[in-house]
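Enquirer:
There are 2 protein chains.
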Amino acid sequence: MADSSNSTKINNKIYDQEIVVLRWGHRPQRDARLTTHVALTARALGASGFLLSDIVDEKIKVTIEKVTRNWGGKFFFEMGTPWKKAVSSWKAKGGIVVHLTVYGENIQTSDVLERIRNLRKPIMVLVGSQKVPKEFYSKEISDFNVAIGNQPHSECAALAVFLDRFFEGTELAKDFTKANITVIPQKRGKKTIVKR
Amino acid sequence: MADSSNSTKINNKIYDQEIVVLRWGHRPQRDARLTTHVALTARALGASGFLLSDIVDEKIKVTIEKVTRNWGGKFFFEMGTPWKKAVSSWKAKGGIVVHLTVYGENIQTSDVLERIRNLRKPIMVLVGSQKVPKEFYSKEISDFNVAIGNQPHSECAALAVFLDRFFEGTELAKDFTKANITVIPQKRGKKTIVKR
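Dropping the structure here:
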């Protein structure tokens with residue numbers, strides 16, 4: 001996280017709450033594609049980095065770093081750190097932890113997002129995979145337990161909606177610097193600018 | 001689709017544009033979990049049904065139908081229909097097709113969502129997986145090509161943001177009727193009402 005700033009500037013709007021995503025419970029075989037999608041979603045929707053906790057999976061690291069190299073922007077990928085250590089060092093630096101869970105406060109029907117914003121602190125979004133440890137719900141770990149609706153769906157979908165709402169949509173207009181590949185949006189077909 | 005109505009009532013607001021999701025290019029081994037997440041996202045975020053085109057995958061059908069049985073609401077799951085047939089019969093019934101793709105019109109920087117709404121027609125959201133056929137971009141197939149940002153990420157994330165924006169967040173407060181399991185949102189821990 002050393003190379004990530006404390007504020008995320010998206011076009012002209014400055015969000016002074018940096019967001020990093022911690023993915024817990026990755027199983028290399030079973031979760032390969034899903035974890036890759038979660039990491040790519042974090043990058044594309046304005047997070048500054050991704051932590052794959054407790055495990056090393058070089059294939060995913062290579063995939064994500066290749067996307068960042070080609071598509072631009074600043075995005076860090078870390079892996080292997082035990083989740084508790086990652087959380088405690090984040091908190092030691094003054095960050096807060098938002099655990100996305102179906103059981104949490106509903107982002108639509110509660111004021112939880114406003115309360116998270118009002119703290120104006122860097123945010124670690126904790127997303128699980130298999131059944132998460134009970135501790136995730138404790139005040140020692142999570143500052144907020146947030147539900148993207150209280151129906152079961154997907155950590156990838158939940159992260160996407162959380163980031164889109166947090167950044168108020170501006171993340172989808174974000175400039176990705178030093179990109180080798182840039183898409184020119186089209187009503188039909190594909191148009192890209194590729195730097196060689 | 002016969003059992004799906006032409007309007008989706010979410011709490012007090014009526015959205016007269018029904019949304020169904022067509023998932024193309026599913027590979028049973030590799031995509032099992034991802035396709036399951038896409039289907040659960042469709043259900044949890046207000047779509048009325050899911051079509052797994054071109055292929056039959058009983059395991060996913062069983063998983064989704066079990067979730068719908070336990071968590072309530074009306075959600076249909078269909079599979080095996082060739083994608084072209086599904087698209088043409090949808091259009092024959094007066095529906096439009098929205099293809100989610102990184103190359104499309106950016107939902108944040110363009111007025112594409114407004115133009116889709118203004119048609120007030122039932123929407124089939126087409127989400128790919130592997131590289132999609134060129135035809136998806138043609139006017140014979142897609143009425144709109146929409147990008148949830150022009151960076152590569154995930155069909156699951158893209159679908160989630162599209163649905164959350166289309167339904168203006170109300171889908172996350174949707175009542176799921178006849179549920180056996182209902183979550184009572186909590187700041188910490190898990191609270192559910194389970195009917196036996």
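Residue numbers (the numbering used here), protein chains in the order written: chain U, 1 to 196; chain V, 1 to 196. Ideal Cβ placement from N, Cα and C applies to all residues, glycine included. Everything numeric in this text was worked out from a predicted model, so none of it was measured.
Note down, in chain order, each residue of its chain lying with its Cβ closer than 6 Å to the Cβ of P28/V, except the 5 sequence neighbours on either side.
Expert: D57
Enquirer: So L159/U is in the alpha helix (DSSP H); what residue range does that whole segment cover?
Expert: 155–166
Enquirer: For a cutoff of 8 Å on Cβ pairs, would you count Q17/U as touching chain V?
Expert: no
Enquirer: Using CA atoms only, rank isn't needed, just tell me which of I181/V, V20/V, I148/V, A42/V is closest to S89/V.
Expert: V20/V
Enquirer: Cα separation between I64/V and K195/U?
Expert: Near 43 Å, if we compare the C-alpha coordinates of K195/U and I64/V.
Enquirer: Which residues, in order along the segment 101–115 of chain V, keep a beta-carbon less than 9 Å from a beta-carbon of chain U?
Expert: T101, V102, Y103, G104, E105, N106, I107, Q108, T109, S110, V112
Enquirer: How would you list, in chain order, the residues of chain V whose beta-carbon sits under 8 Å from the beta-carbon of P185/U?
Expert: Y103, G104, E105, N106, T109, S110, A147, N150
Enquirer: With DSSP as the reference, please indicate the residues paired to T182/U in a beta bridge.
Expert: I193/U
Enquirer: Using only the alpha-carbon positions, how far apart do T41/U and G94/V sit?
Expert: 33 Å
Enquirer: Find the residues of chain V that neighbour A92/U, judging by a C-beta separation of less than 9 Å, and give them in chain order.
Expert: The premise fails here: A92/U is roughly 22 Å from chain V at the closest Cβ pair, so nothing lies under 9 Å.
Enquirer: Where I107/U and S53/V are concerned, what is the direct C-alpha to C-alpha distance, given to the nearest angstrom?
Expert: 32 Å
Enquirer: Would you tell me roughly how many angstroms separate the C-alpha atoms of D175/U and G73/U, rounded to the nearest one?
Expert: 7 Å
Enquirer: In three-state terms, what does DSSP make of A39/V?
Expert: helix
Enquirer: How would you list, in chain order, the residues of chain U whose beta-carbon sits under 9 Å from the beta-carbon of T68/V?
Expert: Under the 9 Å cutoff, chain U gives no residues; its nearest Cβ is about 10 Å from T68/V.
Enquirer: Below 8 Å, can you find three or more Cβ-Cβ pairs linking the segment 36–50 of chain U to the segment 152–160 of chain V?
Expert: yes
Enquirer: Using the Cα positions of K191/V and Y137/V, report the straight-line distance between them to the nearest angstrom.
Expert: Each residue's Cα considered, the two are about 45 Å apart.
Enquirer: Check whether the Cβ atoms of I148/V and F162/V sit closer than 8 Å, and answer yes or no.
Expert: yes
Enquirer: Starting from R23/U, follow the beta strand (DSSP E) in both directions and report where the run begins and ends.
Expert: 19–23
Enquirer: Which residues of chain V have a Cβ atom closer than 7 Å to the Cβ of T41/U, listed in chain order?
Expert: H153, S154, A157
Enquirer: Just to confirm the assignment: which complete alpha helix (DSSP H) runs, minimum length 4, are found wholly within the segment 86–146 of chain U?
Expert: 112–119
Enquirer: Looking at the C-beta of R128/U, does it have a partner C-beta in chain V at a distance below 8 Å?
Expert: It should be pointed out that residue 128/U corresponds to Gly in this sequence rather than to Arg. Output row for G128/U: interface = no.
Enquirer: Which same chain residues end up closer than 6 Å to M124/U when comparing Cβ atoms and leaving out the 5 residues on each side of it in sequence?
Expert: V20, L22, W90, G95, V97
Enquirer: Is the beta carbon of L159/U sitting closer than 8 Å to the one on V127/U?
Expert: yes
Enquirer: I'd like to confirm the pairing. Which residues does DSSP put opposite L45/V in its beta bridges?
Expert: L45/V is not bridged to any residue.
Enquirer: Taking only beta-carbon atoms, is D143/V less than 8 Å away from chain U?
Expert: no
Enquirer: Does the CB of F176/V have a neighbour CB from chain U at under 8 Å?
Expert: F176/V counts as touching chain U.
Enquirer: Smallest Cα separation from D143/U: which of A157/U, K131/U, D164/U, N118/U?
Expert: N118/U
Enquirer: In or out: A92/U buried (at least 16 other Cβ within 10 Å) or exposed?
Expert: exposed
Enquirer: When burial is assigned at 16 or more other CB atoms within 10 Å of the CB, is N145/V buried or exposed?
Expert: buried
Enquirer: Throw me the rounded Cβ distance for the T68/V and F75/V pair, which I believe falls under 8 Å.
Expert: 5 Å
Enquirer: Starting from E78/V, follow its DSSP beta bridges and name the residues at the other end.
Expert: L51/V
Enquirer: Please check if any C-beta of chain U sits within less than 8 Å of the C-beta of G189/V.
Expert: yes
Enquirer: Closest by CA to W71/U, which one among G169/U, V183/U, S110/U, P122/U?
Expert: V183/U
Enquirer: Apart from the five residues just before and just after M1/U, which ones in its own chain have a Cβ nearer than 6 Å to its Cβ?
Expert: Because M1/U carries a pLDDT of 39, less than 50, the predicted location of this residue cannot be relied on, and the following value inherits that uncertainty. Exclusion of the five residues before and after M1/U leaves no residue of its chain whose Cβ lies closer than 6 Å to its Cβ.
Enquirer: So that I know if they touch, is there some Cβ in chain U lying closer than 8 Å to that of W71/V?
Expert: yes
Enquirer: Could you tell me which chain V residues have their CB closer than 7 Å to the CB of G169/U, listed as they occur along the chain?
Expert: Q108
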